[in-house]
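Engineer: In my numbering, the protein residues as written are 11 to 853.
For each residue, glycine too, the CB sits at the ideal point set by N, CA and C.
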Amino acid sequence: MSQHKEIPKNYDHRDVEARLYDEWEWAGAFDADPRSEKEPYSIVMPPPNVTGALHMGHALNGTMQDVLVRRAKMKGFEALWLPGIDHASIALHNVVERKLMLEEKKTRFDIGREEFVEICRTFAQESRSQILGQIKRLGAAVDWRKLRYTMDDGYVDGVLTAFVDLFNAGYIYRGNRITNWCPHDRSAISDLEVNYEETNGKLYGLRYPLVEGEGYAQVFTTRPETMLGDVALVVNPDDERYTDLVGCKVRVPFVGREIEVFADDYVDPSFGTGVLKVTPAHDPNDFEIGQRLGLDPVNVMNPDGTINENGADFAGMSREEARKSVVSRLDDEGLLGEVKDYVHRVGHCDRCGTVIEPWLSEQWWCSMRELAEPALEVLRSGEITVYPDSWRREAIRWLENLQDWNVSRQLWWGHRIPVWYGPDGEVVAAKESPGDGWEQDPDVLDTWFSSAQWPFATLGWPEEAEELEYFYPTSLLSTAREIMYLWVVRMIMMGLRFRGEVPFRKINIHSIVLAEDGTKMSKSKGNTINPLDLFDEYGTDAVRFGLLYQSSTQDFAYSYERAAMGRAFVTKLWNATRFILGYPEPEEGEGEMSVADRWILSEFNRVARDYDAMLEECEFSEAMRLVYNFAWGQFADWYVEISKATPSSATPRVLREVFSGILRLLHPAMPFVTEEMSRLIGDEKLLVWQKFPAFNPELDDEEAAALLDRTKRAVSAVRRFRAESKVDGELEGLLPDGVEAGVFTALAEVKPVEELNGTNATLPAGDVAVEISLTDEQRRGEIERLRKEIDRVGKEVERAQNKLSNANFVERAPEEVVEGEREKLEVNSTMLDTLTRRLKEYL
RNA sequence: GGGCGAUUAGCUCAGGGGUAGAGCGCCUCCCUUACAAGGAGGAGGUCGCUGGUUCGAAACCAGCAUCGCCCACCA
11 MSQHKEIPKN YDHRDVEARL YDEWEWAGAF DADPRSEKEP YSIVMPPPNV
61 TGALHMGHAL NGTMQDVLVR RAKMKGFEAL WLPGIDHASI ALHNVVERKL
111 MLEEKKTRFD IGREEFVEIC RTFAQESRSQ ILGQIKRLGA AVDWRKLRYT
161 MDDGYVDGVL TAFVDLFNAG YIYRGNRITN WCPHDRSAIS DLEVNYEETN
211 GKLYGLRYPL VEGEGYAQVF TTRPETMLGD VALVVNPDDE RYTDLVGCKV
261 RVPFVGREIE VFADDYVDPS FGTGVLKVTP AHDPNDFEIG QRLGLDPVNV
311 MNPDGTINEN GADFAGMSRE EARKSVVSRL DDEGLLGEVK DYVHRVGHCD
361 RCGTVIEPWL SEQWWCSMRE LAEPALEVLR SGEITVYPDS WRREAIRWLE
411 NLQDWNVSRQ LWWGHRIPVW YGPDGEVVAA KESPGDGWEQ DPDVLDTWFS
461 SAQWPFATLG WPEEAEELEY FYPTSLLSTA REIMYLWVVR MIMMGLRFRG
511 EVPFRKINIH SIVLAEDGTK MSKSKGNTIN PLDLFDEYGT DAVRFGLLYQ
561 SSTQDFAYSY ERAAMGRAFV TKLWNATRFI LGYPEPEEGE GEMSVADRWI
611 LSEFNRVARD YDAMLEECEF SEAMRLVYNF AWGQFADWYV EISKATPSSA
661 TPRVLREVFS GILRLLHPAM PFVTEEMSRL IGDEKLLVWQ KFPAFNPELD
711 DEEAAALLDR TKRAVSAVRR FRAESKVDGE LEGLLPDGVE AGVFTALAEV
761 KPVEELNGTN ATLPAGDVAV EISLTDEQRR GEIERLRKEI DRVGKEVERA
811 QNKLSNANFV ERAPEEVVEG EREKLEVNST MLDTLTRRLK EYL
């Protein structure tokens, strides 16, 4: 009774995955111990937002990290993969506010800060458990005991410590300046949280009547409503058209303010009329011009985007209403000039999509220049390796042009800024209230401020925890490039500031998984793919393999074919397992190895070496190709067939050894099915506790490799002949030179004879030629086949002759290339002679 | 306005100075005792265009075209 009959032909991932994950967890397979004697390896997981479910990007990134962590464990490192969740201040704000509006028709201001924060906390709690479940579905080898959440007490302490330190060191300061204001969120956001979109707008010509005399000055603007806050007009000092205008006064319509015309270099005479209106409270450039001219800004807007009391009759209107109203009343009064269509880029809030209003407000800023210097240094010197390197250069460029960072948000959900205002106007930063009568700043910190502490705050900082001591700096950070600036670069700065060491030694920037049509996945377009659905349909291992196989430095359109490819691979391996279980057990002792045994061991050995090197450099796609091609194209297609046809006494051992090696190579990429197969073939240890195959120079066997290479080519030549000439029955032939006799005879199904019977065919296979006897019946079609071969080989000869007759080639090309051509010419010339002679015989 | 990248088989994509690769799809044969989600064999490409470097370019360089992405305060 052969054992494999009891194992189904197809692997059932549903049955296996949930069971194995629990087993891994119970066994403590993912635990990492800071007191270990081993060398540490650590990755902190980019924490998913509490707002969202796992998407394809998470699946890809999670798989890559899992590959590296499991591999590190198998290579003998004490490997930690630390999981986490981000409270996602502004993102969760939006989700909860939308829900509140939808379900109760209330805004956050209706229910108040305390209640709102409570709702956020509850939502986060619920959403979090769902996300953690999804991480498990992926198979992620994370140490759950070390799960961190950015709102945990310990983590909060780290964030506040960092803020207080930066404040006391003078990096954090308060400034009244133009920020990107989101009227919907009623909060400032940072430059990086603004998305600029091409918008079809209009340029409105506005006319400002001269106070003295007749006439007006015309200005073009895209935001006419901001004229209510104008404090000056400016022209370029070299603009001769307006020499007389400088120093004149004009009247701002509706508000009646008389403002002066100044000269300033900033103005581009070729744009519009060459006259610019200055609205310091509502435009960053104007703010600077206003400062140069010593003019006070006039703010005409409320935090919610409505016009305030400075806006005369327009007070209370929304931005949009005010724009229409201003334009139509200008028109009524003859003060509206030309109105042109104008395509320009308008900033939108990254989280809610609302049009951003550049708006003057009081915010906390973090001065970046000095903090950036050490970060630049580690990137320039290559102390941090980035895959691919182009992103290292990008990061450098960005750091070189860094603006100060607005870290305060007028939101409620998040880390409240630890700045306290004393009864006598004192301002201090402290983790706790300095005493009675002190009031805390109402704002919260930018989410990314807390994220910037992630690599060390998760390990216990500011405590000198043993985890921090042992696992920091982390080994690698893997992430999508879209948060390179928002997050990665800031972690480098903060890591260097607070630990004096880089937060990670390597950065893997992976590609973005696009929708099938090659556009970005987005909920609004409805083209998202849910990885969990894929896991259900194809099996997690198959999806993981497909993602890795398809990943590269380029963004890629997700293709279900890759998951199907992974599934086919799983099936292939699964059936190899069934084969091995039905194969004779290894006998006592090593056994005598055949050339084929030596060959497959040698090949495997090389694959293991190259595979490991590829993973070390985050070349996941190439690594998958390599092991796939070996497992399927060499092991299954050839060695398994050889093991059936001409086994040696060592074959049962070698077969299991190589297959077990393949499972160990693949385990990091396809953890579930490999674990199941490993068990079936009798391994007692979990795969993460088995040894990752390492290169063994003794197994390298050039001779066996060359022999099998020729043998396989000879076999293929015979198979091709059979297929093309439609020859079924047995063939007789000479044993070609330099092939492995047993393998050739068995796989080509050619009966070796001493002499051919006279009606022969020559089958070329590179530097091997297979000579076989033909029956008269088999001879049919031989003439046509010979002509085709003669044609093909003739071209080869011609090509080599051309090259070799080029004196420059012979002189300048490397020796081995020239020599190679000579050999090819010789082999092919001989072949051509033989084939031509044979054709003559047959004609 | 700057920067980065892409353009290779019908499709999705690798590769990379020395005769063009994979998966899927297509064609022929085969349900043979691991596997039809499979096996054996095959067809299919002047590697975007134009120049240059080189003995040799699909690969390196320059320009162009097309398509992406990122950065930037022109009203």
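How many Å lie between Pro774 and Val683 at the Cα?
Structural biologist: 41 Å
Engineer: Please report the straight-line C-alpha distance between Thr171 and Lys441, rounded to a whole angstrom.
Structural biologist: 7 Å
Engineer: If you draw a straight line from the alpha carbon of Ala679 to that of Gln75, how long is it in whole angstroms?
Structural biologist: 10 Å
Engineer: State the beta-bridge partners of Tyr183 as determined by DSSP.
Structural biologist: Paired residues: Trp375.
Engineer: For Gly168, which three-state DSSP category applies?
Structural biologist: helix
Engineer: State the CB to CB distance for the pair Thr772 and Thr844, rounded to an integer number of angstroms; the pair is presumed to be in contact (CB under 8 Å).
Structural biologist: Right, their Cβ atoms sit about 5 Å apart.
Engineer: So, helix, strand or coil for Ala574, using DSSP?
Structural biologist: helix
Engineer: Quick one: what's Trp91 bridged to in DSSP?
Structural biologist: Beta-bridge pairing links Trp91 to Ile53.
Engineer: Where does Asn816 fall in DSSP's three states?
Structural biologist: Asn816 sits in coil when the DSSP states are folded into three classes, being neither helix nor strand.
Engineer: How many angstroms separate the CA atom of Cys130 from the CA atom of Leu157?
Structural biologist: If I take the Cα positions, the gap works out to 20 Å.
Engineer: Within its chain, find whatever has a CB closer than 8 Å to the CB of Glu449; leave out the 5 residues flanking it on each side and keep chain order.
Structural biologist: Here the set comprises Trp430, Tyr431.
Engineer: Taking its Cβ as the centre, do 16 or more other Cβ atoms sit within 10 Å of Arg184, making it buried, or is it exposed?
Structural biologist: Here Arg184 is exposed: its Cβ has fewer than 16 other Cβ atoms, across all protein chains shown, within 10 Å.
Engineer: How big is the Cα-Cα spacing for Met378 and Gln463?
Structural biologist: 16 Å
Engineer: So, with DSSP's three-state summary, where would you put Lys535?
Structural biologist: Coil at Lys535, not helix or strand.
Engineer: What residue range does the alpha helix (DSSP H) around Val650 cover?
Structural biologist: 650-655
Engineer: Find the nearest neighbour of Trp415 within the set Ile199, Phe87, Asn312, judged by alpha-carbon distance.
Structural biologist: Comparing alpha-carbon positions, the option among Ile199, Phe87, Asn312 lying closest to Trp415 turns out to be Ile199.
Engineer: Could you have a look at Leu625 and say whether DSSP puts it in helix, strand or coil?
Structural biologist: helix
Engineer: Among Asp162, Leu676, Ala623, which residue has its Cα nearest to the Cα of Phe640?
Structural biologist: Leu676
Engineer: Expressed to the nearest angstrom, what Euclidean distance is found between the alpha-carbon atoms of Arg419 and His65?
Structural biologist: Spanning the alpha carbons of Arg419 and His65 requires a straight line of approximately 27 Å.
Engineer: Smallest Cα separation from Val808: which of Asp274, Arg832, Pro247, Val288?
Structural biologist: Here the sequence assigns Glu to residue 808, which means Val is not the residue at that position. The shortest C-alpha separation from Glu808 is found at Arg832.
Engineer: Looking at the unbroken beta strand (DSSP E) that takes in Gln228, where does it start and where does it end?
Structural biologist: Element bounds for Gln228: 226-231.
Engineer: Residue range of the beta strand (DSSP E) that Ser783 falls in?
Structural biologist: 778-783
Engineer: Pop quiz: Gly284 and Arg251 are said to be a contact at Cβ under 8 Å. What is the actual Cβ separation, rounded to whole angstroms?
Structural biologist: 7 Å
Engineer: Go ahead and pull the three-state DSSP assignment for His23.
Structural biologist: helix
Engineer: Can you name the residues that DSSP bridges to Pro762?
Structural biologist: Gly743
Engineer: Express the C-alpha separation of Gln140 and Asp360 in angstroms, rounding to a whole number.
Structural biologist: For Asp360 and Gln140, the distance between alpha carbons rounds to 25 Å.
Engineer: Let me know the secondary structure DSSP gives Lys83 once reduced to three states.
Structural biologist: helix
Engineer: Taking C-alpha atoms, which residue in Ser99, Tyr206, Thr117 lies nearest to Glu107?
Structural biologist: With distances taken between Cα atoms, Glu107 lies closest to Thr117.
Engineer: In terms of residue numbering, what span does the beta strand (DSSP E) encompassing Phe272 cover?
Structural biologist: 268-273
Engineer: Assuming contact is defined by CB atoms lying nearer than 8 Å, are Ala618 and Met624 in contact in what I supplied?
Structural biologist: no
Engineer: Among residues of its own chain, excluding the 5 on either side of Ala322, which ones have a beta-carbon nearer than 6 Å to its beta-carbon?
Structural biologist: Phe264, Val265
Engineer: Exposed or buried, which one is Ser653 when buried takes at least 16 other CB atoms within 10 Å?
Structural biologist: buried
Engineer: Taking 6 Å as the limit between beta carbons, can you name the residues of its chain near Met11, skipping five residues before and five after?
Structural biologist: Caution is warranted here: a pLDDT of 36 is assigned to Met11, below 50, making its placement in the model unreliable, and no coordinate value can be reported.
Engineer: Using only the alpha-carbon positions, how far apart do Gly435 and Gly447 sit?
Structural biologist: 11 Å
Engineer: Go ahead and label Asn816 buried or exposed: buried means 16 or more other beta carbons lie within 10 angstroms of its beta carbon, across all protein chains shown.
Structural biologist: exposed
Engineer: My understanding is that Ser337 touches Tyr214, with C-beta atoms under 8 Å, so please give their C-beta distance in whole angstroms.
Structural biologist: According to the sequence shown, residue 337 is Val rather than Ser. Going by Cβ atoms, the distance from Val337 to Tyr214 rounds to 6 Å, so yes, they are a contact pair.
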